[in-house]
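Undergrad: Structure provided below as structure tokens; questions to follow.
Residue numbers (this note's numbering): 603 to 839.
Here is the structure:
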């Protein structure tokens, strides 16, 4: 958090008098973006390894997920984003990172990267995972781990999204995750594990991290897991 003369400032772009007393408080983030904290939790909680793996970061933006992958030993990361110039310079100059910008993931193919990935992360906005997961499946090898961030505000119907794009209804959160689980099954993917993001998303939305696999590893306890994780997220966040 930024404090100017001991007053907290939250609005980005606020003009500041350089003669004022400016202080930063709180824990520093070890990644170029706070998204790295989300992937960090997924890797730890799902007991995954990224070491020496070829990875794809779908929706890379500034590169929080990419940075987390590299710090966990990824051999190479294809950082894909529809935007341009957002990737942090620290990552852009890293020879292990291949930026693929101005690229709509819906139209990406195997030729986009030239090789299949062992690990894929998905953090996208203003698009449903239903449009992204089939592509992730095509870009990954048979034993790949896919970490997808479920954002209820982009999965629920418009009538279920509140003011400023916030989805607070716990029932809508359940519905969204159940729906993504069913969609995964329809394209021969499986949600192996689930947890909630350690931090809220933009605007304060609760988000969920899923571990998705290609093979037939079915989680027979998925319904209980969904109920448990959603309840925990609303209690803890």
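For glycine and all other residues, C-beta sits at the position ideal for the given N, C-alpha and C. Note that the structure is predicted; figures quoted are calculated from it, not measured.
1) Rounded to whole angstroms, what is the Cα-Cα separation between residue 694 and residue 658?
2) Nearest to residue 716 by CA position, among 813, 741, 788, is which residue?
3) Just the Cα atoms here: how many angstroms apart are residue 608 and residue 619?
4) Determine, using beta-carbon pairs with one atom in the region 787-794 and one in the region 751-766, whether at least three such pairs fall under 8 Å.
5) By DSSP's criteria, residue 732 is part of a beta bridge. Which residues make up the other side?
6) Determine the burial state of residue 701: buried for a count of at least 16 other Cβ atoms within 10 Å of its Cβ, exposed for fewer.
7) Can you give, in chain order, each stretch of the beta strand (DSSP E) that sits fully within the region 789-833 and has at least 3 residues?
8) Between 662, 655, 631, 605, which has its C-alpha nearest residue 751's C-alpha?
9) Drop a sphere of 10 angstroms on the beta-carbon of residue 671, count the other beta-carbons inside from all chains shown, and report buried for 16 or more, exposed for fewer.
10) Look at the Cβ atom of residue 737, then the Cβ atom of residue 707, and state whether they are nearer than 7 Å.
11) If you run the structure through DSSP and keep just helix, strand and coil, what is residue 721?
12) If I'm right that residue 783 touches residue 824 with Cβ under 8 Å, what's the distance once you round it to whole angstroms?
13) Leaving out five residues before and five after residue 746 in sequence, what residues of the same chain have Cβ atoms less than 8 Å from its Cβ?
14) Below 7 Å CB to CB, which residues in the same chain sit around residue 766 once its five sequence neighbours on both sides are set aside?
15) Determine the DSSP secondary structure at residue 608, reduced to helix, strand or coil.
16) Suppose you measure from the CA of residue 641 to the CA of residue 696; what does that come to, to the nearest Å?
17) In angstroms with no decimal places, state the Cα-to-Cα distance between residue 712 and residue 622.
18) On the three-state DSSP scale, how would you describe residue 669?
19) Do you know offhand how far residue 675's Cα is from residue 646's?
20) For the candidate residues 739, 630, 655, 786, whose alpha-carbon lies nearest to that of residue 710?
21) What are the start and end residues of the alpha helix (DSSP H) that includes residue 647?
22) Does any CB atom of chain C fall closer than 7 Å to the CB of residue 677?
23) Give me the Cβ distance between residue 779 and residue 810, rounded to the nearest whole Å; I'm assuming they're in contact under 8 Å.
24) Determine the DSSP secondary structure at residue 656, reduced to helix, strand or coil.
TA: With the structure as the only source:
1) Numbered from its first residue, the chain shown carries residue 694 at position 92. Numbered from its first residue, the chain shown carries residue 658 at position 56. Rounded to whole angstroms, residue 694 to residue 658 spans 15 Å at the Cα level.
2) For the purposes of this step, residue 716 is identified with residue 114 of the chain shown, where counting begins at 1. The candidate whose alpha carbon is nearest that of residue 716 is 741.
3) Residue mapping note: residue 608 aligns to position 6 of the chain shown, counting from 1. Residue mapping note: residue 619 aligns to position 17 of the chain shown, counting from 1. Taking the straight line joining both Cα atoms gives about 14 Å.
4) no
5) For the purposes of this step, residue 732 is identified with residue 130 of the chain shown, where counting begins at 1. Partner(s): none; residue 732 has no beta bridge.
6) The residue given as residue 701 occupies position 99 in the chain shown. Buried, by the Cβ-count rule.
7) 792-798, 810-815
8) Against the chain shown, residue 751 aligns to sequence position 149. The candidate whose alpha carbon is nearest that of residue 751 is 662.
9) Residue mapping note: residue 671 aligns to position 69 of the chain shown, counting from 1. It is buried - the Cβ of residue 671 has at least 16 other Cβ atoms within 10 Å.
10) For this step, residue 737 is matched to residue 135 along the chain shown. For this step, residue 707 is matched to residue 105 along the chain shown. The answer is yes: Cβ separation under 7 Å.
11) For the purposes of this step, residue 721 is taken as residue 119 along the chain shown, with counting starting at 1. If DSSP states are grouped into helix, strand and coil, residue 721 belongs with the strands.
12) Taking the chain shown and counting its residues from 1, one reaches residue 783 at position 181. Taking the chain shown and counting its residues from 1, one reaches residue 824 at position 222. Their Cβ separation, rounded to whole angstroms, is 6 Å, which keeps residue 783 and residue 824 in contact under 8 Å.
13) Mapped onto the chain shown, residue 746 falls at position 144. Contacts found: 718, 719, 720, 721, 722, 815, 816.
14) Counting from one through the chain shown, the residue named residue 766 turns up at place 164. Only 805 meet the Cβ criterion.
15) Taking the chain shown and counting its residues from 1, one reaches residue 608 at position 6. Residue state, collapsed to three classes: coil.
16) As a first step, residue 641 must be located in the chain shown, where it is residue number 39. As a first step, residue 696 must be located in the chain shown, where it is residue number 94. Looking at the two C-alpha atoms, the distance is approximately 20 Å.
17) Residue numbering aside, residue 712 sits at position 110 when the chain shown is read from its first letter. Residue numbering aside, residue 622 sits at position 20 when the chain shown is read from its first letter. Between residue 712 and residue 622, the C-alpha separation is close to 52 Å.
18) Here the question's residue 669 lines up with position 67 in the chain shown. In this structure, residue 669 counts as helix in the three-state DSSP scheme.
19) Your numbering for residue 675 matches position 73 in the chain shown. Your numbering for residue 646 matches position 44 in the chain shown. If you take the alpha carbons of residue 675 and residue 646, they lie about 14 Å apart.
20) Taking the chain shown and counting its residues from 1, the one referred to as residue 710 is at position 108. Comparing Cα positions, the closest option is 739.
21) Taking the first residue of the chain shown as position 1, residue 647 is located at position 45. Segment 637-647, the alpha helix (DSSP H) holding residue 647.
22) Of the chains in the structure shown, none is chain C; there is only one protein chain.
23) On the chain shown, position 177 is the one that residue 779 refers to. On the chain shown, position 208 is the one that residue 810 refers to. So it is a contact: roughly 6 Å between Cβ atoms.
24) Residue mapping note: residue 656 aligns to position 54 of the chain shown, counting from 1. Three-state result, residue 656: strand.
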